[in-house]
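Notes follow once the structure below has been shown.
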Amino acid sequence: MVALEAPVLEITDLKKHFQVGGPLSPGSGTVYAVDGVSLAIRSGEMLGLVGESGSGKTTVANCVVRLLNPTSGTIKLKGRDITQLSRRRLRPLRREMHIVFQDPYSSLNPRLTVGQIVGEPLRMHKVARGRDLDRQVEDLFDKVGLRSELRHRYPHELSGGQRQRVGLARALSVSPSLLIADEPVSALDVSVQAAILNLLQDLQQDMGFSCLFITHDLATVEFLCDRVAVMYLGKIVELATREELFAHPKHPYTQALLSAAVTPDPEVQRGRKRIVLEGDIPSPMNPPSGCPFRTRCPLEPESSPRSHEEEPQLRDVGHGHFVACHLVEPGGAGPQLVQPLVGGS
Amino acid sequence: MTTPLLEVSDLSVRFDTDDGAVHAVDRLAYTLGAGEVLGLVGESGCGKSVSALSLLGLLPATARVTGEALFEGVNVLDVPARQLRRIRGKEISFVFQEPMTSLNPVFTVGKQISEVLRRHLELSSKEARKRTVELLKLVRIPAAERRADEYPHQLSGGMRQRVMIAMAVACDPKILIADEPTTALDVTIQAGILDLMRDLRERLGTAIILITHNLGVVADIADRVVVMYAGRKAEEAPVRELFARPQHPYTIGLLNAIPRLGEEGNGRARLQEIPGRVPSLSEPLDHCAFADRCPRADDLTRSHVPPLERVGPEHLVACFHPGGEWSH
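Chains as they are written, first to last, in numbering that gives the first Met the number 0: chain A, 0 to 344; chain B, 0 to 327.
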């Protein structure tokens, strides 16, 4: 497959640094929340962005929809640079990208009915009005599996799962090219999560939008996404197709993350070897020199002293599998710390 | 046959609120053996936390707790407050989900652990300090001497949870109740906490009641599992039996609702959905609590409460139509 058209989203060397504290406060400094992230999402592709808390994945999402202004780097939406666009010039482009937030309780306006909430983007972008608007809202409710009578209810009258469906209907109302989903099921109960994940998958197949799916849960990514990017301390450390990443994880951090994820099967779970990482994720105010993962890396003795001096670059080691590790050479298998779980056995 | 360490029977908890009663737990029964890890599993509102909190008198005054919970022959639901205070924190201790809000922000963590030791074991401040540092080492906190003098905000989430566990095991309790101990933590940190709990059980012989919604965590560490739904026990079995041969449709639904790592067909498979929602608990239900969502429901299910039936040596299920498939 040759991608002739521009990617739906193209992020190049994105950085977002926050200044915290004043000159006199003891904790002042710079938080390197996102520090040089590049990735592209093709048309109709679902890209999973995985990482632990504080890795910067939500900051990436907020920069893409320009809820935050990036410190540097570029963000292109369907080939058009939107990094510096003013709010006014950005507004028509907002039809093209929408976001679904983690918390279905705080992301819906409590003073509007959910029907008004879903219809708002249609009104804002002057897509529909009057009876036509009502009809489209009804269709959207149907699409996300909500009874249309619920249109006249307020968010607090709905369950968490129903609210997240409202969030999805709102995001998809103007048929965006790109949906950004920031931990959309993390606040929901397991049985409700399943319904939302199925729905998201159905809608994506139906409408063909591209999706940046942000989560800390690897199993969800494996279920849903075409490609996966793993973030650590503001940087992408590994990026590959789903099949490749889960069958042949190369970065030691990805391997540790996969080995630590629990699986609901005592036979499998108790037979697995787990890599327990020492210590905690370093502060993004004071990231380590060289390789960001070196302070917790089980292979540190092997990669030292290079890991202290030089930051490993994210490079293609074959078949579009990108890894940022000194120990992974192009074409080589790289270090294997544990057997990956593949094929349900 | 040995008597269990804890024997809960007929435990019901009702909250009287301004909007009427909520029947949070309905005639729950289970046992816990010495050194055993019991997983109490269910979704939000199923009564798993409330049932555990009720054991130690930690519920608000609006709660009406009835039934019996025998701990070493004493019904802890019916002992005077003074006696309960001697049990709580010493014989039975608690680890909560959110380590930030369960530690006192204005005292150092060392001080907070010492307080438990001085209160229950009447150690001198010097002895307590020494033991505190030992406990911090036991839960594998590096530089324990220095960390003891730090305040909760100076520690990471995983470290705070280790402090909570150190405090909970300070007096060598017989039972540790851990309420979603890893839910607020990242997976790499969770792995360390699970290893620590396993280690403590082996070294100290502490029995653990692990309350969680995460079936992966249960698969990792529990010996036996109780699945709760709408305040009642839906199913109970040894862990391998439960995951290999689940019988209650709710258990089956939950197991099939979760995406799994390394599963064949990831990418285009579908997850099991459980239609509908949890029933309101404002009335005691006179039928199967799962009936509205169950593919096996019939007139019997909708008019009677299913009793717990034995379907295997240690396998109990509260279903009129037990079976290994979601529907039948």
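A virtual CB, placed ideally from N, CA and C, is assigned to each residue, including glycine.
Bounding residues of the beta strand (DSSP E) (the contiguous stretch that carries residue i)
i: K129 (chain B); result: Element bounds for K129 (chain B): not the beta strand (DSSP E) but the alpha helix (DSSP H), S124 to L137.
i: G66 (chain B); result: A62 to F70
i: G311 (chain B); result: E308 to G311
i: E6 (chain B); result: L5 to T16
i: G47 (chain A); result: M45 to V49
i: I98 (chain A); result: M96 to V99
i: G55 (chain A); result: No beta strand (DSSP E) holds G55 (chain A); DSSP gives it neither H nor E.
i: V355 (chain B); result: Absent from the structure is residue 355 (chain B), since the part of chain B shown begins at 0 and ends at 327.
For residue j and residue i, believed in contact at Cβ under 8 Å, the rounded distance
i: L102 (chain B); j: P151 (chain B); result: 4 Å
i: R41 (chain A); j: P6 (chain A); result: 5 Å
i: L351 (chain A); j: V59 (chain A); result: This structure cannot speak to residue 351 (chain A), because chain A is shown only from 0 to 344.
i: L257 (chain A); j: P339 (chain A); result: 6 Å
i: C210 (chain A); j: L178 (chain A); result: 5 Å
i: P3 (chain B); j: L31 (chain B); result: 6 Å
i: A193 (chain A); j: E272 (chain B); result: 5 Å
i: S48 (chain B); j: D178 (chain B); result: 5 Å
i: H22 (chain B); j: L280 (chain B); result: 5 Å
i: R26 (chain B); j: S11 (chain B); result: 6 Å
i: L135 (chain B); j: A167 (chain B); result: Wrong, their Cβ atoms sit about 13 Å apart, outside the cutoff.
i: G261 (chain B); j: Q268 (chain A); result: About 12 Å separates the two Cβ atoms, so there is no contact after all.
i: D285 (chain B); j: V304 (chain B); result: 7 Å
i: M284 (chain A); j: G28 (chain A); result: 5 Å
i: D219 (chain B); j: V275 (chain A); result: 13 Å between Cβ atoms; not a contact.
Per DSSP, the bridge partner or partners of residue i
i: F17 (chain A); result: A:V30
i: T11 (chain A); result: A:T73
i: A177 (chain B); result: B:V94 and B:L209
i: A39 (chain A); result: A:E9
i: H314 (chain B); result: B:G311
i: R314 (chain A); result: A:V322
i: M158 (chain B); result: Per DSSP, none; premise fails for M158 (chain B).
i: N74 (chain B); result: B:L69
i: L145 (chain A); result: Note: L145 (chain A) sits in no beta bridge, so no partner.
i: R87 (chain B); result: B:I91
i: D80 (chain A); result: A:K75
Run of the alpha helix (DSSP H) containing residue i, from where it starts to where it stops
i: P251 (chain A); result: P251 to A259
i: T73 (chain A); result: Run containing T73 (chain A): none in the alpha helix (DSSP H); it sits in the beta strand (DSSP E), S71 to L76.
i: A246 (chain A); result: R241 to A246
i: G129 (chain A); result: G129 to K142
i: Y29 (chain B); result: Segment G19 to L31 is the beta strand (DSSP E) holding Y29 (chain B); no alpha helix (DSSP H) there.
i: D171 (chain B); result: Where D171 (chain B) is concerned, there is no enclosing alpha helix (DSSP H), given that its DSSP letter is neither H nor E.
i: H119 (chain B); result: V108 to L120
i: Y249 (chain B); result: P248 to A256
i: G270 (chain A); result: P265 to G270
i: R292 (chain B); result: Note, R292 (chain B): premise wrong, no alpha helix (DSSP H); not H, not E.
i: L58 (chain B); result: Premise fails: L58 (chain B) is in no alpha helix (DSSP H) and is neither H nor E.
i: Q115 (chain A); result: V113 to M123
i: P287 (chain A); result: Run containing P287 (chain A): none; DSSP gives neither H nor E here.
i: A143 (chain B); result: A143 to R146
i: H286 (chain B); result: Here H286 (chain B) belongs to no alpha helix (DSSP H), and DSSP marks it neither H nor E.
i: D102 (chain A); result: D102 (chain A) -> no alpha helix (DSSP H), and no H or E assigned at all.
i: T1 (chain B); result: Neither: T1 (chain B) is in no alpha helix (DSSP H) and is coded neither H nor E.
i: P300 (chain A); result: E299 to S302
i: T300 (chain B); result: D298 to S302
i: S48 (chain B); result: K47 to L54
i: H307 (chain A); result: R305 to E308
i: R88 (chain A); result: R86 to L89
Per-residue contacts from residue i into chain E (C-beta, under 7 Å)
i: G230 (chain B); result: The structure shown contains no chain E; its protein chains are A and B.
Anything in the stretch 255 to 284 of chain B with a Cβ closer than 9 Å to a Cβ of chain A? List those residues in chain order, please. Residues passing the 9 Å Cβ filter: N255, A256, I257, P258, R259, L260, G261, E262, E263, G264, N265, G266, R267, A268, R269, L270, Q271, E272, I273, P274, R276 and V277.
Residues, ordered as in the chain, of the stretch 208 to 241 of chain A that lie near chain B by beta-carbon distance below 9 Å: Answer in chain order: H215, D216, L217, A218, T219, V220, E221, F222, L223, C224, D225 and R241.
Every unbroken beta strand (DSSP E) inside the stretch 153 to 239 of chain A [3 residues or more]: Positions of the beta strand (DSSP E) runs, each at least 3 residues long and wholly inside the stretch 153 to 239 of chain A, are given as 177 to 181, 209 to 214 and 226 to 231 in order along the chain.
Any chance you could list the beta strand (DSSP E) runs of at least 3 consecutive residues sitting entirely within the stretch 198 to 239 of chain B, in chain order? Qualifying beta strand (DSSP E) stretches, in chain order: 206 to 211, 223 to 228 and 231 to 237.
Residues within the stretch 51 to 66 of chain A neighbouring chain B, beta-carbon criterion of under 7 Å: Cβ contacts with chain B: E51 and S52.
Could you run through the stretch 55 to 74 of chain B and flag, in chain order, every residue whose CB is less than 9 Å away from some CB of chain A? Cβ contacts with chain A: none found.
Going along the stretch 238 to 254 of chain B in order, which residues come within less than 8 Å of chain A, judged by CB to CB distance? Cβ contacts with chain A come from V238, R239, F242, A243, G252, L253 and L254.
Name, going along the chain, the residues of the stretch 301 to 326 of chain B whose beta-carbon falls closer than 9 Å to a beta-carbon of chain A. So nothing in the stretch comes that close.
When Cβ atoms are compared, which residues of the stretch 191 to 206 of chain B fall closer than 7 Å to chain A? Taking 7 Å as the Cβ-Cβ cut-off, the stretch 191 to 206 of chain B approaches chain A at G191 and D194, given in chain order.
Along the stretch 71 to 102 of chain A, what residues have a CB closer than 7 Å to any CB found in chain B? For the stretch 71 to 102 of chain A, which is checked against every Cβ of chain B, not one residue is closer than 7 Å.
Which residues, in chain order, does the stretch 183 to 197 of chain A contribute to contact with chain B at a C-beta distance below 9 Å? Residues of the stretch 183 to 197 of chain A with a C-beta atom less than 9 Å from some C-beta of chain B are D188, V189, S190, V191, Q192, A193, A194, L196 and N197, listed in chain order.
Can you give me, in chain order, the residues of the stretch 143 to 168 of chain A that have a beta carbon less than 7 Å from any beta carbon in chain B? Identification of residues in the stretch 143 to 168 of chain A having a C-beta nearer than 7 Å to some C-beta of chain B yields S158, given in sequence order.
Under 8 Å (Cβ pairs) to chain A, residues found in the stretch 166 to 190 of chain B: Those would be D185, V186, T187, I188, Q189 and A190, in chain order.
Members of the stretch 20 to 45 of chain B that neighbour chain A once the beta carbon cut-off is set at 9 Å: From the stretch 20 to 45 of chain B, only E42, S43 and G44 have a Cβ closer than 9 Å to chain A.
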